[in-house]
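Chains as they are written, first to last, in this note's numbering: chain H, 316 to 405; chain E, -10 to 183.
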């Protein structure tokens, strides 16, 4: 088989793998944070807010982690996938 | 209105996690695709620089000894320097790939800062354990940004570089002001938190 044709076949497959990997980062982060929140519900101060101070209500690690996962997925990954597909089609 | 020290660790963990995910994204898609949008090219160097800037208030308000001041101050400087160098590399103001050695220096200085300002033994309490662990992790992981100078396009090196930040974020999220570590808690520490 022509080596040039083989490389043409392999490039889109590789990029698909990259696209899948990069688009799974945000959801995996959110999943890990959710598992953490279920395992240690006392880290979510909003579940028992009575008598808690400002910082305990604002800084809640599992929720921060979920926020990072969502921010990365919806702000960074969306455009990144478009650019990845654009680069693959050229 | 000053947050407890553990909250500051968790906020920095959040910044490091975002930094790690961004670096992982760049490692997976490749630098060319990552830099197709200008804001994305500047994203993680800006986060790194911002973390350095935010280290100054930590130095000012969370200092309980001279060694804390020196550790946090040198940390702020090296993070800002590393972030600034990466921004200049993206912008094209700096060209030589050897400038990436600044990141290896940042890892070393950060690791030493962790180790120097933790004056208790590993199993004194959880924060002591994690400070030692993070310090040695950064000192050992300094070889990764060093490898990045030689192989800047390697997916493996790029991923290892990114995962270092993710691992550090996990360690920082585990940090508590007063909690046992593997069942160990010095009797001189006080009553543990929940």
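The beta-carbon is built from N, C-alpha and C at its ideal position, and this holds for glycine as well. The structure presented is a predicted model; accordingly, all values stated were derived computationally and were not measured.
For residue i, which residues from the same chain have a beta carbon less than 6 Å from its beta carbon, with the 5 sequence-adjacent residues on both sides left out?
i	result
residue 149 of chain E	133
residue 401 of chain H	none
residue 371 of chain H	360
residue 113 of chain E	175
residue 75 of chain E	34
residue 11 of chain E	32 and 33
residue 120 of chain E	103 and 107
residue 388 of chain H	341
Determine whether the Cβ of residue i lies closer than 8 Å to any Cβ atom of chain E.
i	result
residue 336 of chain H	yes
residue 383 of chain H	yes
residue 333 of chain H	yes
residue 389 of chain H	no
residue 376 of chain H	yes
residue 366 of chain H	no
residue 402 of chain H	yes
residue 362 of chain H	no
residue 349 of chain H	no
residue 379 of chain H	yes
residue 372 of chain H	no
residue 346 of chain H	no
Evaluate residue i with the Cβ neighbour count: other Cβ atoms within 10 Å of its Cβ, from every protein chain shown; 16 or more gives buried, anything less gives exposed.
i	result
residue 116 of chain E	buried
residue 380 of chain H	buried
residue -1 of chain E	buried
residue 34 of chain E	buried
residue 67 of chain E	buried
residue 85 of chain E	exposed
residue 4 of chain E	buried
residue 7 of chain E	buried
residue 375 of chain H	buried
residue 89 of chain E	buried
residue 405 of chain H	exposed
residue 140 of chain E	exposed
residue -10 of chain E	exposed
residue 147 of chain E	buried
residue 363 of chain H	exposed
residue 357 of chain H	exposed
residue 344 of chain H	buried
residue 335 of chain H	exposed
residue 397 of chain H	exposed
residue 172 of chain E	exposed
residue 78 of chain E	buried
residue 40 of chain E	buried
Where do the N-terminal and C-terminal ends of the alpha helix (DSSP H) with residue i fall, by residue?
i	result
residue 178 of chain E	Premise fails: residue 178 of chain E is in no alpha helix (DSSP H) and is neither H nor E.
residue 133 of chain E	132 to 139
residue 96 of chain E	90 to 106
residue 384 of chain H	376 to 386
residue 28 of chain E	27 to 30
residue 11 of chain E	-6 to 18
residue 393 of chain H	393 to 404
residue 85 of chain E	No alpha helix (DSSP H) holds residue 85 of chain E; DSSP gives it neither H nor E.
residue 162 of chain E	144 to 163
residue 369 of chain H	369 to 373
Taking CB distances under 8 Å as the criterion, tell me whether residue i reaches chain H.
i	result
residue 42 of chain E	no
residue 26 of chain E	yes
residue 120 of chain E	no
residue 37 of chain E	no
residue 20 of chain E	no
residue 29 of chain E	yes
residue 143 of chain E	no
residue 173 of chain E	no
residue -8 of chain E	yes
Between which residues of its own chain and residue i is the CB-CB distance below 7 Å, once the five residues before and five after are set aside?
i	result
residue 127 of chain E	96, 99, 100 and 103
residue -3 of chain E	47 and 51
residue 122 of chain E	160
residue -6 of chain E	51 and 166
residue 189 of chain E	Only positions -10 to 183 of chain E appear in the structure, and residue 189 of chain E is not among them; the question remains open.
residue 118 of chain E	111, 112 and 170
residue 162 of chain E	-1 and 2
By Cβ distance, which residues of its chain are closer than 8 Å to residue i, with the 5 residues on each side in sequence left out?
i	result
residue 20 of chain E	141 and 142
Cβ-based contacts, 8 Å cut-off: residues of the region 52 to 78 of chain E near chain H: none
Quick one, which residues of the region 88 to 116 of chain E are near chain H if we go by CB-CB under 8 Å, in chain order? none
Name the residues in the region 147 to 162 of chain E whose C-beta lies less than 7 Å from a C-beta of chain H; which are they? 162
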